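Novice: For what it's worth, the numbering used here labels the leading residue of the sequence shown as 2, then goes sequentially. Shown below is the structure under consideration.
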Amino acid sequence: MAQLFEALGFVENPLYERIIDDISKQKFTIIDNFFSEEEVNALRASILDKYEEDAFKKAAIGNKFDEVIVKSIRGDVILWMDEVVSNPAEKLFFNKINDLVDYLNKTCFLGILYKEFHYAIYPKSTFYKRHLDTFKNDDRRKLSFVCYLNHEDWQPENGGELVLYLDDNGQEVEKVIYPFPGRVVIFESQILEHEVRPVNTKRLSITGWLKTR
Ligand code: OGA
Ligand code: MN
Numbered sequence: 002m003a004q005l006f007e008a009l010g011f012v013e014n015p016l017y018e019r020i021i022d023d024i025s026k027q028k029f030t031i032i033d034n035f036f037s038e039e040e041v042n043a044l045r046a047s048i049l050d051k052y053e054e055d056a057f058k059k060a061a062i063g064n065k066f067d068e069v070i071v072k073s074i075r076g077d078v079i080l081w082m083d084e085v086v087s088n089p090a091e092k093l094f095f096n097k098i099n100d101l102v103d104y105l106n107k108t109c110f111l112g113i114l115y116k117e118f119h120y121a122i123y124p125k126s127t128f129y130k131r132h133l134d135t136f137k138n139d140d141r142r143k144l145s146f147v148c149y150l151n152h153e154d155w156q157p158e159n160g161g162e163l164v165l166y167l168d169d170n171g172q173e174v175e176k177v178i179y180p181f182p183g184r185v186v187i188f189e190s191q192i193l194e195h196e197v198r199p200v201n202t203k204r205l206s207i208t209g210w211l212k213t214r
């Protein structure tokens, strides 16, 4: 395969290869430092700016076209991102995402045609109960992507762990992931149920989906 790629002028990317490998073997991957400290700082400034402008709204269950707000299921507030009018930090964000998507499409023929991302803030005491990221009227979500924008000194005691429910030969196992800044988690939207445990300190992130036709 590598030789074929070289012949096509394709440069293998070890990080992306690991992402593909992890996802195909275990349905998820965790990448620490996917975004540099400066990038995270810039994106954190961006999310907090917009939060202060009051642009966020209570997150809904369902999608843009089928919204219901149910606080007993999820308590975060979100703001959809728009690549077309993105600020410099968001441009860097989308450049990295687009680079990854191009690579995925060239190598695994996933056929990612669309993407959607939103900022998410979980105020103290909020959570998102166990769920799957696909909807009755939209089964195009293929990969879920979460990137954490918390402060450098984020502690495990702050809560807000992402828990992935994995299947280990018919046995359910919990994979607990702390939302450390710069960390990215990517998982199969249609397969892995997951939840966000209650947070004790405001929790900042970007969540998105890579979608097929
Ligand atoms: C979601 C979600 C996980 C996280 O927004 O659908 O599950 O860790 N987020 O923020
Ligand atoms: Mn989810």
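Even glycine gets a Cβ: it sits at the ideal position worked out from N, Cα and C. Here the structure is a predicted model, which means the values were calculated and not measured.
In angstroms, rounded to a whole number, what distance separates the CA positions of Asn14 and Trp155?
Specialist: Taking the sequence shown and counting its residues from 1, the one referred to as residue 14 is at position 13. Taking the sequence shown and counting its residues from 1, the one referred to as residue 155 is at position 154. If you take the alpha carbons of Asn14 and Trp155, they lie about 30 Å apart.
Novice: Quick check on DSSP: helix, strand or coil for Gln156?
Specialist: On the sequence shown, residue 156 is found 155 positions in, with the first residue counted as 1. DSSP places Gln156 in coil when its eight states are reduced to three.
Novice: I believe Leu134 touches Arg142 by the beta-carbon criterion, under 8 Å. Please report the beta-carbon distance rounded to the nearest angstrom.
Specialist: Translated into positions along the sequence shown, residue 134 becomes position 133. Translated into positions along the sequence shown, residue 142 becomes position 141. Reading off the sequence shown, one finds Asp at residue 134, where the question assumed Leu. Indeed they touch by this definition, with Cβ atoms about 5 Å apart.
Novice: When DSSP labels each residue in this structure, what does Val186 get in the three-state scheme?
Specialist: Reading the sequence shown from its first residue, position 185 is the one you call residue 186. In this structure, Val186 counts as strand in the three-state DSSP scheme.
Novice: Just list the beta strand (DSSP E) runs in the stretch 120 to 144, keeping only unbroken ones of 3 residues or longer that don't cross its boundaries, in chain order.
Specialist: Listed in chain order, they are 129 to 132.
Novice: If you draw a straight line from the alpha carbon of Asp55 to that of Asp168, how long is it in whole angstroms?
Specialist: Locating residue 55 in the sequence shown gives position 54, counting from the first residue. Locating residue 168 in the sequence shown gives position 167, counting from the first residue. Rounded to whole angstroms, Asp55 to Asp168 spans 40 Å at the Cα level.
Novice: So is Leu101 buried or exposed if we call it buried at 16+ other beta carbons inside 10 Å?
Specialist: Locating residue 101 in the sequence shown gives position 100, counting from the first residue. When all chains shown are included, Leu101 counts as buried.
Novice: Please list the segments of the beta strand (DSSP E) lying wholly inside the stretch 25 to 76, counting only runs of 3 or more residues, in order along the chain.
Specialist: Listed in chain order, the complete beta strand (DSSP E) runs (minimum 3 residues) inside the stretch 25 to 76 are 29 to 32.
Novice: With three or more C-beta pairs closer than 8 Å as the rule, is the stretch 28 to 43 touching the stretch 183 to 190?
Specialist: Yes: at least three Cβ pairs fall under 8 Å.
Novice: Which residue's Cα is closest to the Cα of Ser73: Ile21, Arg214 and Glu196?
Specialist: Counting from 1 along the sequence shown, the entry for residue 73 is found at position 72. Among Ile21, Arg214 and Glu196, the Cα nearest to that of Ser73 is on Glu196.
Novice: In chain order, which continuous runs of the alpha helix (DSSP H) of length 4 or greater are located wholly inside the stretch 75 to 124?
Specialist: Runs of the alpha helix (DSSP H) inside the stretch 75 to 124: 89 to 109.
Novice: Between the stretch 110 to 129 and the stretch 196 to 213, are three or more C-beta pairs nearer than 8 Å?
Specialist: Contact holds: three or more Cβ-Cβ distances are below 8 Å.
Novice: For Ala46, count neighbouring C-beta atoms within 10 Å of its own C-beta (all shown protein chains included) and say buried if the count is 16 or more, exposed if not.
Specialist: Stepping through the sequence shown from its first residue, residue 46 is reached at position 45. Its Cβ having fewer than 16 others within 10 Å, Ala46 is exposed.
Novice: For the ligand OGA, I want to know if Ser87 counts as a neighbour, meaning its beta carbon is within less than 6 Å of at least one of the ligand's heavy atoms.
Specialist: Here residue 87 corresponds to residue number 86 of the sequence shown, with the count starting at 1. Checking every heavy atom of the ligand OGA against the Cβ of Ser87, none is found closer than 6 Å.
Novice: Quick check: is any heavy atom of the ligand MN less than 6 Å from the C-beta of Asp134?
Specialist: As a first step, residue 134 is located in the sequence shown; it is residue number 133 there, counting from the start. Indeed, a heavy atom of the ligand MN lies less than 6 Å from the Cβ.
Novice: Is any non-hydrogen atom of the ligand OGA found closer than 6 Å to the C-beta of Ser206, if you look at the structure I gave you?
Specialist: On the sequence shown, position 205 is the one that residue 206 refers to. Ser206 Cβ: within cutoff of the ligand OGA.
Novice: Please tell me whether Val164 and Phe35 are closer than 7 Å, where the distance is taken between their beta carbons.
Specialist: On the sequence shown, position 163 is the one that residue 164 refers to. On the sequence shown, position 34 is the one that residue 35 refers to. Cβ atoms of Val164 and Phe35: not closer than 7 Å.
Novice: Beta carbon of Val78, beta carbon of Ile48: below 7 Å?
Specialist: As a first step, residue 78 must be located in the sequence shown, where it is residue number 77. As a first step, residue 48 must be located in the sequence shown, where it is residue number 47. No, they are not a contact pair.
Novice: Leaving out five residues on either side along the sequence, give the residues of the same chain with a beta carbon under 8 Å from the beta carbon of Pro157.
Specialist: Taking the first residue of the sequence shown as position 1, residue 157 is located at position 156. So the qualifying residues of the chain are Tyr179.
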